[in-house]
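Following numbering that gives the first Met the number 0, the numbering of the sequence shown begins with 0 at its first residue and continues without gaps. C-beta: ideal position from N, C-alpha, C; glycine also. Shown next, in C-alpha cells, is the structure this report addresses.
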Amino acid sequence: MTQVSMVVNGKQVSGEVEGRTLLVQFLRESLSLTGTHVGCDTSQCGACLVHVNGEAVKACTMLALEAEGAEVGTIEGQANADGSLNVIQQAFQDHHGLQCGFCTPGMVMSAAALLKENPKPSEHEIREYLEGNICRCTGYHNIVKAILAASGQDVTAIAAE
Ligand code: FES
Ligand code: FES
C-alpha cells in the first residue's frame, strides 16, 4: 500500500491505496464520495467523470496514484456554498435533463468542463462534447437543452421532444 494525497473539492485528503487502485475507487471507497458513479468497465459511459486540475477525466481511466498532488473536483463539490444547486444542476432540474439520474453526475461534470472552455456552445457542440457520456433514459434532448439554458442561451430554438 502507498500513501496518496490530493485536494478533493477544496479539501486536502490522503489515504492508502494499492498501485492498481483507480481514482474512482479511491473517491468512492476511501472518501465515500459515491456521487461519482461506475457504469461500465470499458471507459465508455462517462458516469465516473470528474475534474482533475480543471480537465474532464474519466476517473475509471486514472490510477489514484496518478492523481497525487492534483486538484480533483467531483459532483459533491458542485453545489453553491449555501448548498443550493449550481446553475448547471438547476438547469438539469428545470429542463428535465434526467430520469433515473445514474448518468447525471457525469453529465453535470462534463457540462461544467465544456462551459468552462466554451461558455456559449451551440447545440451541435454540446452533442459532440457529450459523445463520451452515455444516458440510457433521456434520449439526450433535455440534457442538451439544460446545458444550453445553463449557458444563458435561448432554448426555444431547440425543437420540443
Ligand atoms: S465507469 Fe468510467 S467510463 Fe464508465
Ligand atoms: S437519466 Fe438514466 S441514464 Fe441518464
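- Bounds of the beta strand (DSSP E) holding Gly72 are 70-72.
- One thing to note: Met0 has its Cβ within 9 angstroms of the Cβ of Glu17.
- At the C-beta level, Met5 and Gly53 stay beyond 9 angstroms of one another.
- Looking at the DSSP output, His50 bridges to Ala55, Gly72.
- The criterion of a C-beta distance shorter than 9 angstroms is satisfied by Pro104 and Thr73.
- Look at Met0 here: in three-state DSSP terms it is coil, with no helix or strand label.
- In this structure, Ala63 lies near Phe25, with their beta-carbon atoms less than 9 angstroms apart.
- Counting only the Cα atoms, Ile87 lies some 11 angstroms from Leu113.
- Taking every residue with its beta carbon within less than 6 angstroms of a heavy atom belonging to ligand 1 gives, in chain order, Val37, Gly38, Cys39, Ser42, Gln43, Cys44, Gly45, Ala46, Cys47, Lys57, Cys59.
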